[in-house]
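Chemist: In order, the protein sequences belong to chains E and W. Residue numbering for the first sequence follows the working numbering, beginning at 34 and increasing consecutively. Residue numbering for the second sequence follows the working numbering, beginning at 6 and increasing consecutively. So that we are looking at the same thing, I have put the structure below in structure tokens.
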Amino acid sequence: MEPDLSVVIVFHDEGVHAIAALASMKDAVDLARAEGLRLEARAILDRPSRETRDLVQRSGSWLDSTEEVSFGDLGLTRNVAVEAANGRLIAFLDGDDLWGNRWLADARRCAVSMEAPAIWHPEYIYYFDDDGYNQHSATTTPNPWCRAHYSAQVPSNAGEFDRRSLIFANAWTANVLALREVHLRYPYDQADAERGIGFEDWGWNIKTLDQGIPHLIVRSTIHAVRRRKGSLSMAMKASGALPIY
Amino acid sequence: MNLVRFAHRWIRRRGGRERTGPYGPEFQAFVEKHFDAALYLSTNPDVARAGHDALTHWTKHGLREERAISSDLSARVVSADALRDPQLTYVSFGKRLIEVRNRHELPGAVLSQLRAQAEHEPLIFGPGALALPNLPIHTLGKVPVDLDGLACCFETKPKVIFVIPLLAIGGAEKYAADICRVLQDRKAGPIAVIVTDQKEKDATGWQDLSIIEPFRDTRILFWRDLCSNHADPQMLASLLAYLAPDIIFVTYSGICLQAITRHGKRLSQKSRIFCTFFSLGKDGLGAPYAVTYARFTTSFATSITDNNVVAAILDRRFEALGKRTAVIPPRAPLASREVFERMLAGREWATEGEGFSWVWVSRLDKAKGLDVLRQLAVLRPGDTFDLYGPAPAPLDQLGLDLPNIRYRGILKDTANADFSSYHGFLFTSPLEGMPNVVLEMSQHAIPMIISNVGGLPETFDTESAIIVQTHEQVPTTAAAFCKACDRLGAMPAAERAVMARRAYEAVSARHSADVFHARVCAVLGV
Chain E
34 MEPDLSVVIV
44 FHDEGVHAIA
54 ALASMKDAVD
64 LARAEGLRLE
74 ARAILDRPSR
84 ETRDLVQRSG
94 SWLDSTEEVS
104 FGDLGLTRNV
114 AVEAANGRLI
124 AFLDGDDLWG
134 NRWLADARRC
144 AVSMEAPAIW
154 HPEYIYYFDD
164 DGYNQHSATT
174 TPNPWCRAHY
184 SAQVPSNAGE
194 FDRRSLIFAN
204 AWTANVLALR
214 EVHLRYPYDQ
224 ADAERGIGFE
234 DWGWNIKTLD
244 QGIPHLIVRS
254 TIHAVRRRKG
264 SLSMAMKASG
274 ALPIY
Chain W
6 MNLVRFAHRW
16 IRRRGGRERT
26 GPYGPEFQAF
36 VEKHFDAALY
46 LSTNPDVARA
56 GHDALTHWTK
66 HGLREERAIS
76 SDLSARVVSA
86 DALRDPQLTY
96 VSFGKRLIEV
106 RNRHELPGAV
116 LSQLRAQAEH
126 EPLIFGPGAL
136 ALPNLPIHTL
146 GKVPVDLDGL
156 ACCFETKPKV
166 IFVIPLLAIG
176 GAEKYAADIC
186 RVLQDRKAGP
196 IAVIVTDQKE
206 KDATGWQDLS
216 IIEPFRDTRI
226 LFWRDLCSNH
236 ADPQMLASLL
246 AYLAPDIIFV
256 TYSGICLQAI
266 TRHGKRLSQK
276 SRIFCTFFSL
286 GKDGLGAPYA
296 VTYARFTTSF
306 ATSITDNNVV
316 AAILDRRFEA
326 LGKRTAVIPP
336 RAPLASREVF
346 ERMLAGREWA
356 TEGEGFSWVW
366 VSRLDKAKGL
376 DVLRQLAVLR
386 PGDTFDLYGP
396 APAPLDQLGL
406 DLPNIRYRGI
416 LKDTANADFS
426 SYHGFLFTSP
436 LEGMPNVVLE
446 MSQHAIPMII
456 SNVGGLPETF
466 DTESAIIVQT
476 HEQVPTTAAA
486 FCKACDRLGA
496 MPAAERAVMA
506 RRAYEAVSAR
516 HSADVFHARV
526 CAVLGV
């Protein structure tokens with residue numbers, strides 16, 4: 034029987050961070066299964082470092098499948114994952130982030146409550162740093178130099194959302210849940226460092242929104258996004274890449 | 006009690022109750038206390054445009070769509086048996102509930118989920134477990150840009166974008182404006198000008214500046230007014246990448262040169278980029294843009310300059326990049342031959358021994374040779390020196406407080422100014438590309454004594470001007486200028502007239518509108 038939801042975690046060079054990411058993913062998968070959902074949990078590794086491969090093998094033994102590709106490109110990797118997935122819905126997870134355990138169950142519930150396709154995002158993002166304990170406060174008041182913060186994501190049908198803002202900044206993060214059919218119809222574009230094209234998720238958000246697919250929010254959900262040196266988004270920012278508009 | 010005010014309040018409440026009545030008194034009380042109709046309409050312009058009553062819209066549609074009801078609160082409808090978050094407020098709404106949350110606080114259920122992740126990743130508590138609820142909440146995707154202010158460019162995208170620092174009198178601005186004129190003549194498409202270093206209120210009256218007159222027929226965007234994060238080159242690059250004009254023309258805008266440096270690969274995919282560099286300065290003093298940025302922009306943009314000296318240096322340095330610098334000598338506004346001869350005939354020619362009256366026209370800037378000018382004025386106490394140009398400070402602060410130096414203000418229109426009472430024009434700047442003022446002054450039938458800088462020797466020779474060799478030492482240069490002044494003084498009037506005429510002809514041959522037009526078309530490919 035076709036699973037309700039395919040959950041795909043994407044790895045490249047996350048190293049030791051893969052352990053926490055897989056543990057967090059398992060929490061969300063376990064909760065969703067406990068609530069009756071049929072899930073397949075998959076990992077896809079794109080040109081993984083040896084350490085990442087080894088750790089995924091050891092910490093991800095509970096996964097339903099693990100696949101390796103060699104693109105060096107997040108967009109192409111996700112497209113392959115979409116093709117291979119069996120669920121009607123797909124949720125993507127980045128291999129160095131963490132998610133609130135209600136994410137999969139609540140997002141799936143929102144997705145099936147609507148007839149028309151939509152792309153679902155968590156309500157909150159918590160940004161934290163690898164050197165987070167340098168910002169530590171022992172009181173209820175954060176340190177003035179603390180960089181960790183929350184970002185609230187706004188649905189595209191909100192009065193305060195302006196489509197034109199996507200020219201200057203991405204409005205939503207990449208760990209989305211959507212119909213597999215949406216992903217097949219609107220695959221991710223390939224990054225092209227030589228042409229200064231990157232931020233495939235940003236470009237994908239623009240492309241899908243312009244095709245009439247709303248980007249909506251799953252209330253009371255949160256993702257924890259790790260900001261680290263050497264991450265793909267940091268590398269893209271440093272290289273001066275911009276999305277395709 | 007003010008009866009009128011009481012009546013209005015009663016009518017509002019009664020009207021409100023009529024709209025909220027079916028949902029119960031708890032809901033009515035909540036609405037009366039928290040619903041901000043004015044904010045609802047301002048943040049939901051679609052509701053305002055349709056003329057809907059704010060509260061009616063919210064109860065019928067906005068609640069379901071989770072539109073914010075005030076600056077602090079948002080609400081959504083949940084079923085009566087939904088699991089309640091103890092940190093949120095619930096209000097009866099007919100047979101269902103409204104879940105109300107403070108937009109500036111993280112709901113407890115969300116914090117619990119986050120805290121649970123610390124079991125896998127202790128760094129979640131990096132900022133402090135106690136401080137975690139009090140971290141700031143931003144809105145993702147909120148941009149520091151006046152999107153409505155940019156609407157004119159979104160609706161009809163410009164084909165050509167000039168990026169300049171200021172709408173002011175300046176050689177760089179004039180150069181860009183003259184190129185803009187050519188593109189307008191060639192009907193290159195809608196043209197926009199992004200002004201990066203000036204707010205609109207500081208550019209008041211720019212339309213009166215004749216040297217940048219072509220910009221009057223373009224869309225002007227003051228970047229500092231439109232983008233509060235204007236110092237981030239990615240913001241400007243994002244706009245340029247989205248608009249993707251055929252041509253991006255950058256003249257001395259530091260932030261745009263940074264944008265080209267970082268995002269040039271991307272921008273050059275859809276746009277042909279041109280960056281002007283007029284001077285390399287002396288030993289890089291002052292870090293002129295050509296020294297700082299040409300190395301980075303050359304990979305993605307064509308460098309343009311107004312003189313062969315700079316072009317040769319850039320080409321030699323960046324030969325390995327395989328791109329050549331284009332030289333477009335600047336356009337000079339030319340007087341007609343008839344007007345020139347009339348000016349020549351009307352000119353005053355002082356004789357040797359008389360005190361000479363000199364005119365000096367430029368920005369009153371140390372880089373323009375003010376030290377030399379001062380020393381020259383000391384050496385020639387019987388002469389007078391009239392200065393025209395923008396002055397950042399009074400003469401005494403510029404070291405020019407001598408009895409024979411007079412500041413005359415800014416010339417809005419050099420071409421139509423009257424210099425007939427002056428015996429000669431002095432140009433003392435030691436660092437230049439191709440100074441426009443010298444080209445302009447050549448049209449005034451006035452003998453010229455000019456420093457041998459930049460591209461000036463490409464247009465003038467010893468027959469058309471007295472050219473002074475500049476030295477590192479100011480006294481040496483000043484002495485050389487003094488000698489040149491003596492030489493001019495000793496020249497018969499007829500000889501001075503011949504020299505002035507030759508200067509006029511040299512400029513007409515190399516800097517006419519037709520020559521400029523052809524060169525711009527060839528370089529920009531229009």
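Yeah, the Cβ is synthetic: ideal placement off N, Cα and C, and Gly gets one too.
1. In whole angstroms, give me the CA-to-CA distance for PHE432 of chain W and VAL528 of chain W.
2. Quick one: which residues of the segment 150-176 of chain W get their C-beta closer than 7 Å to a C-beta of chain E? List them in chain order.
3. Taking 7 Å as the line, does the beta carbon of ALA53 of chain W fall inside it for any heavy atom of the ligand GTP?
4. Could you compute how far the alpha carbon of PRO36 of chain E sits from the alpha carbon of ALA134 of chain W?
5. Could you spell out where the beta strand (DSSP E) holding ASP162 of chain E opens and where it closes?
6. Hey, is GLN263 of chain W's beta-carbon within less than 8 Å of any beta-carbon in chain E?
7. Below 8 Å, can you find three or more Cβ-Cβ pairs linking the segment 89-100 of chain W to the segment 204-217 of chain E?
8. Compile a chain-ordered list of the residues in the segment 94-122 of chain E whose CB is closer than 7 Å to at least one CB of chain W.
9. I'd like to check one pair, LEU60 of chain W with VAL83 of chain W: are the Cβ atoms closer than 8 Å?
10. For ARG259 of chain E, does the count of other Cβ atoms within 10 angstroms reach 16, so buried, or fall short, so exposed?
11. Are the beta-carbon atoms of PHE521 of chain W and ARG336 of chain W separated by less than 8 Å?
12. If you draw a straight line from the C-alpha of ARG80 of chain E to the C-alpha of ILE129 of chain W, how long is it?
13. Once the 5 residues before and after LEU70 of chain E are set aside, which same chain residues still bring their CB inside 7 Å of it?
14. Taking the alpha-carbon of GLY273 of chain E as reference, which of W:PHE301, W:MET439 and W:PHE282 has the nearest alpha-carbon?
15. Buried or exposed: where does ASP183 of chain W fall if 16 or more other Cβ atoms within 10 Å of its Cβ makes it buried?
16. My guess is that ILE196 of chain W and PRO163 of chain W are in contact by the Cβ rule of under 8 Å, so how many angstroms apart are they, rounded?
17. Which stretch, first to last residue, makes up the alpha helix (DSSP H) that contains ASP51 of chain W?
18. Compute the beta-carbon to beta-carbon distance between ILE451 of chain W and ALA470 of chain W, rounded to the nearest angstrom, for a pair I have assumed lies under 8 Å.
19. Whether or not the segment 245-255 of chain E and the segment 187-207 of chain E are in contact is what I'm after, with contact meaning three or more pairs of Cβ atoms, one per stretch, closer than 8 Å; do they touch?
20. Starting from the beta carbon of ASN197 of chain E, find every residue of chain W whose beta carbon is closer than 7 Å, and list them in chain order.
21. Let me confirm a value: LYS204 of chain W is counted as buried when at least 16 other C-beta atoms fall within 10 Å, else exposed. Which label applies?
22. For ALA498 of chain W and ASN312 of chain W, what's the separation of their Cα atoms in angstroms?
23. Looking at the secondary structure, which residues open and close the beta strand (DSSP E) in which CYS280 of chain W lies?
24. Excluding the 5 residues flanking SER266 of chain E on each side, which residues of the same chain have their C-beta closer than 6 Å to its C-beta?
25. Determine, for LYS270 of chain W, whether the minimum Cβ-Cβ distance to residues of chain E falls below 8 Å.
26. Can you pull the chain E neighbours of SER243 of chain W, defined as C-beta to C-beta under 7 Å?
27. ILE169 of chain W: which of W:ASN139, W:HIS476 and W:PHE282 sits nearest, CA to CA?
28. Who are ALA306 of chain W's beta bridge partners in DSSP?
29. Please specify which runs of the alpha helix (DSSP H), each continuous and at least 4 residues long, are wholly inside the segment 171-204 of chain E, giving them in chain order.
30. Mind pulling the beta strand (DSSP E) runs of 3 or more residues that sit fully within the segment 393-480 of chain W?
31. Would you give the residue range spanned by the alpha helix (DSSP H) that ALA257 of chain E belongs to?
32. Comparing C-alpha positions only, which one of W:ARG186, W:SER425 and W:ASP207 sits nearest to LEU171 of chain W?
33. Is the beta carbon of LEU78 of chain W less than 8 Å from the beta carbon of ARG106 of chain W?
34. I'd like to know whether the C-beta of GLN212 of chain W is nearer than 8 Å to at least one C-beta of chain E.
35. Can you give me the start and stop residues for the alpha helix (DSSP H) that VAL366 of chain W sits inside?
Modeler: Inspection of the coordinates gives the following:
1. Translated into positions along the second sequence, residue 432 of chain W becomes position 427. Translated into positions along the second sequence, residue 528 of chain W becomes position 523. Straight-line Cα distance between these residues: approximately 30 Å.
2. Within the segment 150-176 of chain W, the qualifying residues are VAL150, LEU152 and PHE159.
3. The ligand content of the structure shown is nil, which means the ligand GTP is not present either.
4. Your numbering for residue 36 of chain E matches position 3 in the first sequence. Your numbering for residue 134 of chain W matches position 129 in the second sequence. Those two C-alpha atoms are separated by around 38 Å.
5. The sequence position of residue 162 of chain E within the first sequence is 129, counting from 1. Note, ASP162 of chain E: beta strand (DSSP E), 152-162.
6. The residue labelled residue 263 of chain W in the question sits at position 258 within the second sequence. By this cut-off, GLN263 of chain W is not an interface position.
7. By the Cβ test, the segment 89-100 of chain W is not in contact with the segment 204-217 of chain E, since fewer than three Cβ pairs between them sit closer than 8 Å.
8. So the list is empty, because no residue satisfies the distance condition.
9. To locate residue 83 of chain W, count along the second sequence from 1; it is residue 78. To locate residue 60 of chain W, count along the second sequence from 1; it is residue 55. Not closer than 8 Å, so no.
10. Here the question's residue 259 of chain E lines up with position 226 in the first sequence. ARG259 of chain E counts as buried, since at least 16 other C-beta atoms from the protein chains shown sit within 10 angstroms of its C-beta.
11. For the purposes of this step, residue 521 of chain W is taken as residue 516 along the second sequence, with counting starting at 1. For the purposes of this step, residue 336 of chain W is taken as residue 331 along the second sequence, with counting starting at 1. Result yes, Cβ atoms of PHE521 of chain W and ARG336 of chain W sit closer than 8 Å.
12. Here residue 80 of chain E is taken as the residue at index 47 of the first sequence, counted from 1. Here residue 129 of chain W is taken as the residue at index 124 of the second sequence, counted from 1. If I take the Cα positions, the gap works out to 28 Å.
13. Locating residue 70 of chain E in the first sequence gives position 37, where the first residue counts as 1. The beta carbon of LEU70 of chain E lies closer than 7 Å to those of ASP37, LEU38, ALA138 and ARG141 in the same chain, with the five residues before and after it left out.
14. Here residue 273 of chain E is taken as the residue at index 240 of the first sequence, counted from 1. Of W:PHE301, W:MET439 and W:PHE282, the residue nearest in Cα terms is W:PHE301.
15. Stepping through the second sequence from its first residue, residue 183 of chain W is reached at position 178. Buried.
16. Indexing the second sequence from 1 puts residue 196 of chain W at position 191. Indexing the second sequence from 1 puts residue 163 of chain W at position 158. So it is a contact: roughly 6 Å between Cβ atoms.
17. On the second sequence, position 46 is the one that residue 51 of chain W refers to. Per DSSP, ASP51 of chain W belongs to the alpha helix (DSSP H) from 50-55.
18. In the second sequence, counting from the first residue as 1, residue 451 of chain W sits at position 446. In the second sequence, counting from the first residue as 1, residue 470 of chain W sits at position 465. Between ILE451 of chain W and ALA470 of chain W the beta-carbon gap is near 10 Å, outside 8 Å, which marks them as no contact.
19. A contact exists between the segment 187-207 of chain E and the segment 245-255 of chain E.
20. Taking the first sequence and counting its residues from 1, one reaches residue 197 of chain E at position 164. It should be pointed out that residue 197 of chain E corresponds to Arg in this sequence rather than to Asn. Those within 7 Å of ARG197 of chain E in chain W are LEU152 and PHE159.
21. In the second sequence, residue 204 of chain W corresponds to position 199, counting from 1. The residue in question, LYS204 of chain W, is exposed, as its Cβ has fewer than 16 Cβ neighbours within 10 Å.
22. Along the second sequence, one-based indexing puts residue 498 of chain W at 493. Along the second sequence, one-based indexing puts residue 312 of chain W at 307. Approximately 32 Å between the Cα atoms of the pair.
23. Taking the second sequence and counting its residues from 1, one reaches residue 280 of chain W at position 275. Per DSSP, CYS280 of chain W belongs to the beta strand (DSSP E) from 277-281.
24. Sequence index remark: in the first sequence, residue 266 of chain E carries index 233 (1-based). If we look at SER266 of chain E and ignore the five residues flanking it on each side, it has no Cβ neighbours.
25. By 1-based counting over the second sequence, the position of residue 270 of chain W is 265. So yes, LYS270 of chain W belongs to the interface.
26. One-based indexing of the second sequence puts residue 243 of chain W at position 238. Using a Cβ-Cβ cut-off of 7 Å, SER243 of chain W is close to ILE200, PHE201 and LEU275 of chain E, given in chain order.
27. The sequence position of residue 169 of chain W within the second sequence is 164, counting from 1. Ranking W:ASN139, W:HIS476 and W:PHE282 by CA distance to the CA of ILE169 of chain W puts W:PHE282 first.
28. Start at 1 with the first residue of the second sequence, and residue 306 of chain W comes out as number 301. According to DSSP, which records beta bridges pairwise, ALA306 of chain W is partnered with W:ILE278.
29. Whole alpha helix (DSSP H) segments, 4+ residues: zero.
30. With a minimum length of 3 residues, the continuous beta strand (DSSP E) runs that stay inside the segment 393-480 of chain W are 410-412, 429-432, 453-456 and 471-473.
31. The count along the first sequence starts at 1 and reaches residue 257 of chain E at position 224. In this chain, ALA257 of chain E is not harboured by any alpha helix (DSSP H); it is covered by the beta strand (DSSP E) spanning 248-260.
32. Here residue 171 of chain W refers to the residue found at position 166 when the second sequence is read from its first residue. Out of W:ARG186, W:SER425 and W:ASP207, W:ASP207 has the C-alpha closest to the C-alpha of LEU171 of chain W.
33. Here the question's residue 78 of chain W lines up with position 73 in the second sequence. Here the question's residue 106 of chain W lines up with position 101 in the second sequence. Result yes, Cβ atoms of LEU78 of chain W and ARG106 of chain W sit closer than 8 Å.
34. The count along the second sequence starts at 1 and reaches residue 212 of chain W at position 207. No, GLN212 of chain W does not count as interfacial toward chain E.
35. As a first step, residue 366 of chain W is located in the second sequence; it is residue number 361 there, counting from the start. Segment 362-366 is the beta strand (DSSP E) holding VAL366 of chain W; no alpha helix (DSSP H) there.
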